[in-house]
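A.B. asks: Residue 1047 is where the sequence shown starts when you use the numbering used here, and the numbers rise one by one after that. Dropping a structure here in C-alpha cells format, bear with me for questions.
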Amino acid sequence: MSILVVDRWMEYRGTVVHSIDTGARQAYAYLSPNITVTAVGAPDAYHPDNLGTGHIRKTHWPDGDWRHALVADPDHPRRPLQQTGGRNAGYFVSITALNDPSRSRTDPTAYVDAGRIPYLVLPAPFHAIDGSGDLGDFVVAYHPVTRRFSYGLIGDIGADRPLGEISMRMASDLSGQRAEAKSGQGVPFGSMLCLVFPKSRMTPAWPMPPAAIRARCEHLLKRLGGQTRLPQLAEALAE
1047 MSILVVDRWM EYRGTVVHSI DTGARQAYAY LSPNITVTAV GAPDAYHPDN LGTGHIRKTH
1107 WPDGDWRHAL VADPDHPRRP LQQTGGRNAG YFVSITALND PSRSRTDPTA YVDAGRIPYL
1167 VLPAPFHAID GSGDLGDFVV AYHPVTRRFS YGLIGDIGAD RPLGEISMRM ASDLSGQRAE
1227 AKSGQGVPFG SMLCLVFPKS RMTPAWPMPP AAIRARCEHL LKRLGGQTRL PQLAEALAE
C-alpha cells in the first residue's frame, strides 16, 4: 500500500501542512522543526514554589491571566485551587481543554495527565481552521532520528505558537527517556512527524485508557500500511 501526499494544504507559522488520502478518510501531516513540551493536566505540573514538572511562569500566575491553565479556588477565586491530599498536596489543579465532563472542575483526575497520556496541543488559531481536528481526535507522532513513535490524541488547545507542542508522555515515547517540560530533560531533538486524523474521536472522547488510544491509532494507521510506513511519510514531507 502506498502513501499518497495529496497536496500542500497550508502553511502555519512556518510549518507546511499536507493533506493525506488514507482511502477512507482525510488526514493531514506535518514535520515540526521544533518540539515543545507541556506539563498541562499533570497533577504535579505546577506548584506555587515552582516545584512541579512544569514552570509556574507558563501559567501566568500570579501576575497574569492564569485561569486558562489553573482552576480557581471556589472559596478564594482570586487564587488557584491547591490540592489538599495525597502525594500532590499543595500543587495547583492544572486543566486541559479535553476533560471528563462527569467529574467536577476541581477534580485533578478530570483532565488529561501530560505525564501519563500522549497528547498533541493545537494552537487556538489553527484549531479554528476547518479540517484541523478537534479535541479527542487521534494522533500518531514519529521521530525520524530515534525512529520511535507515539499514539495519542488532541488533548489541549494552546496559545498562538508554531505547531509541535506535545505532552511530556508523548515526548518520552519519542525519546525513550523521561521527558520533563520545565528542565527540557529527555526531550528529543530535531523534527517530529505528526499525523492527525480529524473526525476520528470516540464518544465519550475522555476518559480513555492508553491501551484504547493505541488500539484506535493502530486501526487508523492501517489505512496507510501501518507504522512501518511512518519513515516513508516523513521522508516524503521532507522533500
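The beta-carbon is built from N, C-alpha and C at its ideal position, and this holds for glycine as well.
Compute the distance between the beta-carbons of S1324 and Y1092, then report whether it is under 8 Å.
C.D. replies: Nothing in the structure corresponds to residue 1324, since the chain is present only between 1047 and 1285.
A.B. asks: Thinking just about the alpha-carbon of each residue, which of R1215, A1073 and L1209 is nearest to the one in R1059?
C.D. replies: For R1059, the nearest C-alpha among the options comes from L1209.
A.B. asks: Excluding the five sequence neighbours on either side, which residues of its own chain have a C-beta within less than 8 Å of the C-beta of A1170, listed in chain order?
C.D. replies: Excluding positions up to five away in sequence, the list reads I1203, G1204, A1205 and D1206.
A.B. asks: What residues match up with E1281 in a beta bridge as DSSP calls it?
C.D. replies: Per DSSP, none; premise fails for E1281.
A.B. asks: In angstroms, rounded to a whole number, what distance separates the CA positions of R1247 and H1122?
C.D. replies: Looking at the two C-alpha atoms, the distance is approximately 36 Å.
A.B. asks: How close, in whole Å, do the beta carbons of S1166 and C1263 come, if the pair is a contact with beta carbons under 8 Å?
C.D. replies: According to the sequence shown, residue 1166 is Leu rather than Ser. Actually they do not touch by this definition, with Cβ atoms about 12 Å apart.
A.B. asks: Just verifying my parser: in three-state terms, what is the DSSP assignment at P1169?
C.D. replies: Reduced to three states, the DSSP call for P1169 is strand.
A.B. asks: Cutting at 6 Å between CB atoms, please list the residues of its own chain near G1236, excluding the five before and the five after it.
C.D. replies: Contacts found: V1191.
A.B. asks: Have a look at G1198 and V1185 and give me their C-alpha separation to the nearest angstrom.
C.D. replies: Near 5 Å, if we compare the C-alpha coordinates of V1185 and G1198.
A.B. asks: Compare the beta carbon distance of I1175 and S1213 with 8 Å and say whether it is the shorter of the two.
C.D. replies: No, they are not a contact pair.
A.B. asks: Can you list, in chain order, the residues of its chain whose CB lies under 8 Å from that of Q1129, leaving out five sequence neighbours each side?
C.D. replies: The residues are P1089, A1135, G1136, Y1137, F1138, V1139 and P1154.
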